[in-house]
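Keeping their order, the protein sequence lines are chains A and B. When the letters of the first sequence are read in order and numbered with this note's numbering, they come out as residues 1 to 281. When the letters of the second sequence are read in order and numbered with this note's numbering, they come out as residues 282 to 562.
There are 2 protein chains.
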Amino acid sequence: MLGTSIRETQLCYASIRFLMKIAISGKGGVGKTLLASLLSRKFIEAGYSVLAIDADPDANLAANLGFPEPDNIIPISEMDDLIEERTGARPGKSGSFFKLNPRVDDIPDRFAAEHDGIKLMVMGRIKRGGTGCYCAEGVLLQALLSHLLLQRDEVVILDMEAGIEHLARGTAKAVDYLVVVVEPGRRSIETTRRIQELAKDIGLEKIAVVANKVHNQSEKDFITNNLPDMTFLGFIPYDQALIDADLANLDIQGASQLIADEISKIYEALVSSVETASPAK
Amino acid sequence: MLGTSIRETQLCYASIRFLMKIAISGKGGVGKTLLASLLSRKFIEAGYSVLAIDADPDANLAANLGFPEPDNIIPISEMDDLIEERTGARPGKSGSFFKLNPRVDDIPDRFAAEHDGIKLMVMGRIKRGGTGCYCAEGVLLQALLSHLLLQRDEVVILDMEAGIEHLARGTAKAVDYLVVVVEPGRRSIETTRRIQELAKDIGLEKIAVVANKVHNQSEKDFITNNLPDMTFLGFIPYDQALIDADLANLDIQGASQLIADEISKIYEALVSSVETASPAK
């Protein structure tokens with residue numbers, strides 16, 4: 001009886017730990033969206049429920065995930081009526097006061113797109129400019145992001161910009177892993193260090209690196225030597241097969257066995273790191 | 282006498298047309314900052330006065346231009362006292378009213394950094410988040426950008442984000458060329474098309490493309506076939522020598538003769554396009 005009870009506790013833990021929240025950041029162009037899409041697929045294949053969030057206005061996670069008409073998905077930031085209804089302020093109207101805690105809990109189920117089992121929310125670009133105030137919009141997106149990280153019972157994979165300013169102090173606690181993607185290049189290393197600093201500022205301790213577009217051992221050494229104090233989850237090799245598949249508009253998910261193998265390792269590292277951290281072990 | 286007069290007119294025209302304003306955009310990681318820094322150097326070598334503007338929070342134009350302590354340059358967006366003095370609102374204070382036309386004309390000469398003859402302004406990251414309003418900051422940066430494009434007597438080279446939302450309708454008229462950098466990849470092509478649409482919306486007609494990281498003829502064909510209606514200024518080849526120089530922390534400006542030759546062609550194309558458009562010809 002005792003044995004069964006322990007097993008039940010472990011099963012229960014297992015289902016809790018699968019509510020993993022992964023935020024992916026890094027310099028523009030390093031491959032954040034690629035990693036987000038390949039990991040989303042990996043978690044779906046393993047039987048998890050996945051909510052992918054596109055929070056990088058310069059990316060197109062929907063296209064990477066193979067959504068049939070990615071450009072038809074309306075980003076939350078363009079839903080002016082919704083923003084006004086929830087915050088009390090019309091986007092673009094200057095000097096207005098607005099609710100700091102708008103209701104967002106019904107938004108994911110009403111507005112998430114779905115394809116091949118993956119749910120997707122596209123946050124969109126926060127407008128700005130000299131003539132209007134778009135803070136209400138920012139507040140809604142911020143509240144929505146906090147909700148998605150704190151309340152959703154899914155594996156959440158968040159494709160972010162180079163900055164992690166989106167992640168407020170309270171939200172950061174919900175992130176199981178901030179994964180910074182780095183490529184062989186000094187600017188990419190600098191961005192990684194800046195993200196590391198920002199993470200420390202908001203109290204986000206679980207941070208790790210995935211190297212991408214690695215051509216050879218000397219590039220790998222360059223990256224590890226320049227980030228000596230960071231945990232590496234994996235090194236994705238540069239593979240012309242991936243570029244060729246992309247240019248030919250073929251599915252990139254299965255284009256490169258080399259990359260697929262490395263993604264499997266990264267997936268295992270992520271899952272086992274949370275297992276290791278679990279008090280049930 | 283008539284001959285002299287014509288020559289004087291042409292000289293006058295020459296000095297006017299050299300006030301060239303170039304805005305560089307494109308997907309993250311395609312090489313906007315590389316192109317901005319190499320073109321800045323090229324114009325300086327040719328004897329022009331150059332003002333470089335870093336308007337991409339994910340870039341480090343100062344480092345690319347060889348500024349000795351790039352991280353010591355304080356971005357305008359972090360000058361809270363200046364922002365409050367000029368707009369009347371403290372950054373982060375919600376619901377405040379602020380001046381929509383703050384004074385900015387003295388800011389470039391007071392706050393631009395200088396190295397090897399190149400003046401540099403770093404705009405910085407516009408903060409945002411759930412608890413504060415940073416619209417005053419955005420207004421100041423917008424006014425400053427308009428001023429830099431409309432009023433400065435220099436070659437202005439603007440390193441931007443993937444979006445061109447910074448460029449208001451009035452400012453766009455001052456841009457002689459919006460150069461979109463593209464690399465062999467579908468997402469990069471998509472971003473280029475999106476920028477092309479945005480440019481049309483704000484009335485910016487002079488738009489051209491520079492391809493970067495081109496490995497072979499089929500990648501070149503992919504890019505030109507996918508952007509059939511656009512003008513190409515040049516095709517920068519992929520050169521491992523540039524990556525190696527960057528990783529070894531050597532000056533990237535002289536690292537690759539292949540790239541230097543192509544930058545010369547792009548420079549010539551830019552200058553001659555404005556010459557061709559000049560009524561003196």
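We put the CB at the ideal spot given by N, CA and C, even for glycine.
Test: residue i CB closer than 9 Å to a CB of chain A
i	result
B:A327	no
B:R406	yes
B:K501	no
B:D527	yes
B:K308	yes
B:Y415	yes
B:Q521	yes
B:H396	no
B:T314	yes
Cross-strand partners of residue i (DSSP beta bridge)
i	result
B:P356	Answer is none; B:P356 lacks a bridge partner.
A:L158	A:A23, A:I53
A:H115	A:I118
B:A492	B:V463, B:F516
A:Y177	A:I22
Supposed contact pair residue j and residue i - C-beta distance, whole angstroms, cut 8 Å
i	j	result
A:L247	B:F503	5 Å
B:V460	B:V437	Going by Cβ atoms, the distance from B:V460 to B:V437 rounds to 13 Å, so no, they are not a contact pair.
B:L523	B:I547	About 15 Å; that fails the 8 Å criterion.
B:A489	B:L514	5 Å
B:A343	B:A317	Actually they are not in contact, since the Cβ atoms of B:A343 and B:A317 sit about 11 Å apart, beyond 8 Å.
A:L19	A:E154	7 Å
A:M123	A:S49	With a Cβ gap of about 20 Å, A:M123 and A:S49 do not count as contacting.
A:G47	A:H115	Actually they do not touch by this definition, with Cβ atoms about 17 Å apart.
A:G31	B:R406	The Cβ separation is near 22 Å, so there is no contact.
A:K282	A:C135	Nothing can be reported for residue 282 of chain A, as the shown portion of chain A is limited to 1 through 281.
Beta carbon proximity, residue i to chain B, threshold 9 Å
i	result
A:I301	Given a span of 1 to 281 for chain A in the structure shown, any question on residue 301 of chain A remains unanswerable.
A:V30	yes
A:P57	yes
A:T224	no
A:N72	no
A:A62	no
A:H215	yes
A:K281	The predicted model places A:K281 with a pLDDT of 34, which falls under 50 and marks its position as unreliable; any figure quoted below should be read in that light. So, not an interface residue.
Proximity test, Cβ basis, 9 Å: residue i and chain D
i	result
B:G328	In the structure shown, chain D cannot be found, because the protein chains are A and B.
Could you name the residues of the stretch 458 to 488 of chain B whose beta carbon sits closer than 9 Å to any beta carbon of chain A, in the order they occur along the chain? E464, P465, G466, R467, R468, S469, E471, T472
Between the stretch 436 to 461 of chain B and chain A, which residues of the former have a C-beta closer than 9 Å to a C-beta of the latter? E442, A443, G444, E446, H447, A449
Which of the residues in the stretch 529 to 544 of chain B, read from start to end, lie with their CB under 8 Å from any CB of chain A? N530
Taking one C-beta from the stretch 178 to 191 of chain A and one from the stretch 18 to 28 of chain A each time, how about it: are there three or more such pairs within less than 8 Å? yes
Should the stretch 345 to 361 of chain B be called in touch with the stretch 450 to 457 of chain B, which here means at least 3 C-beta pairs below 8 Å? In short, these stretches do not touch, since the Cβ pair count stays below three.
Report yes or no: do three or more beta-carbon pairs, one from the stretch 420 to 433 of chain B and one from the stretch 374 to 392 of chain B, lie closer than 8 Å? yes
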